[in-house]
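Residue numbering for the sequence shown is 1 to 239, as defined by the UniProt record's numbering. Ideal Cβ positions, reconstructed from N, Cα and C, are used throughout, including at glycine. Note that this is a predicted model, so its numbers are computed, not measured.
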Amino acid sequence: MDHGWAPMVAKMGATTIASTGADEAMASCRSFRFNSPPLQGISTAAPFFPNCPRRLPKSLVSSLPASLLSSPSSSSSSVDSPPEGYRRSVGICLISPSKQIFAASRLDIPDAWQMPQGGIDESENPRSAAIRELREETGITSAEIVDEVPYWLTYDFPPAVGEKLKQQWGSDWKGQAQKWFLLKFTGKDEEINLLGDGTEKPEFGQWSWMSRQEIVDHAVDFKKPVYSEVLKVFSSHLD
1 MDHGWAPMVA
11 KMGATTIAST
21 GADEAMASCR
31 SFRFNSPPLQ
41 GISTAAPFFP
51 NCPRRLPKSL
61 VSSLPASLLS
71 SPSSSSSSVD
81 SPPEGYRRSV
91 GICLISPSKQ
101 IFAASRLDIP
111 DAWQMPQGGI
121 DESENPRSAA
131 IRELREETGI
141 TSAEIVDEVP
151 YWLTYDFPPA
161 VGEKLKQQWG
171 SDWKGQAQKW
181 FLLKFTGKDE
191 EINLLGDGTE
201 KPEFGQWSWM
211 SRQEIVDHAV
221 DFKKPVYSEV
231 LKVFSSHLD
């Protein structure tokens with residue numbers, strides 16, 4: 001889970017897209033202005049109950065549905081090394097049967113919407129981290145891995161955000177290096193619960209299914225280029 005990058009992000013941020021296996025950096029992506037109409041059918045999270053355990057026992061992770069652990073193909077990129085100085089994390093692009101994309105608004109920045117993401121634990125592989133983060137943040141277990149971006153994508157923290165996270169995490173990261181996965185939602189909307197699975201504090205207040213353009217428009221500025229690149233890589237699944 002990612003917490004605490006507070007209401008200081010509205011106009012921040014150069015973002016860098018990096019590929020560990022490529023000779024040249026990916027072409028820079030476009031940024032978009034926040035200019036979307038009000039969203040329809042937004043759902044709101046229930047109140048937070050603070051006395052939940054911080055993490056599920058490892059023994060319970062193995063009980064997840066097999067469909068979450070499967071993929072049409074494996075990729076060595078899942079175990080390669082991200083750029084130095086960046087926190088290892090994952091991003092999840094979850095799509096509905098109608099090819100809309102799941103997004104949620106942050107509790108600390110209500111106007112900032114994002115796709116689920118979070119850090120990779122020690123000795124954890126990116127695929128397992130993506131499944132865990134989706135469950136922790138949304139309560140969703142009915143999903144299948146469809147595709148992944150075959151390289152790491154990075155964004156830099158704006159200075160004020162980086163300083164806050166340095167105090168929170170105790171590590172001076174430049175930003176985050178992310179492995180992105182495309183997952184297909186196979187459940188019902190009623191399964192979505194922004195209280196998550198009870199192992200982490202909720203970080204989202206509302207959720208909605210969005211179009212590709214809305215996803216980028218509603219993201220904080222320093223994540224927009226990464227989001228644009230992710231959606232470009234997954235475009236064949238979204239058309």
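Integer Cβ distance of residue i from residue j, believed to fall under 8 Å
| i | j | result |
| --- | --- | --- |
| L153 | E229 | 6 Å |
| V216 | K224 | 6 Å |
| F181 | L194 | Actually they do not touch by this definition, with Cβ atoms about 20 Å apart. |
Own chain residues within Cβ distance below 8 Å of residue i, not counting five before or after
| i | result |
| --- | --- |
| P116 | G91, I92, L94, F102, A104, E133, L134, E137 and T138 |
| S236 | none |
| G196 | R135, E136, E137, T138, G139 and P202 |
| W169 | R87 |
| G187 | I140, T141, S142 and A143 |
| R54 | For R54, the predicted structure reports a pLDDT of 41, less than 50, and the residue's modelled location is therefore unreliable. A value from the coordinates is still provided. Within the same chain, R54 has close Cβ partners T199 and E200. |
Of the residues the options, the one placed nearest residue i, counting alpha carbons only
| i | options | result |
| --- | --- | --- |
| I145 | I192, G162, P126 and Y155 | P126 |
| V149 | A130, E122 and Y86 | A130 |
| D111 | H218, R88, I120 and S171 | H218 |
| F157 | E203, D221, I192 and E190 | D221 |
| K184 | P225, G170 and T141 | T141 |
| E200 | K188, G119 and R88 | G119 |
| W173 | K164, K179 and Y151 | K164 |
| L238 | V226, R212 and Y227 | R212 |
| E191 | S128, V226 and A143 | A143 |
| D147 | S81, S98, D80 and K179 | K179 |
| P82 | A177, E214, G198 and E122 | A177 |
Neighbourhood of residue i by C-beta distance below 6 Å, restricted to the same chain and skipping five residues each side
| i | result |
| --- | --- |
| E209 | The displayed chain sequence assigns Trp, not Glu, to residue 209. Closer than 6 Å at the Cβ level, and outside the excluded window around W209, lie S96 and Q100. |
| L231 | R212 |
Own chain residues within Cβ distance below 7 Å of residue i, not counting five before or after
| i | result |
| --- | --- |
| G175 | Y86, T154, Y155, D156 and F157 |
Entirely within the UniProt domain "Nudix hydrolase" (85-232) and at least 3 residues each: give me those beta strand (DSSP E) ranges in chain order.
Fully enclosed beta strand (DSSP E) runs of 3 or longer: 86-95, 101-106, 117-119, 143-148, 153-156, 175-185 and 204-210.
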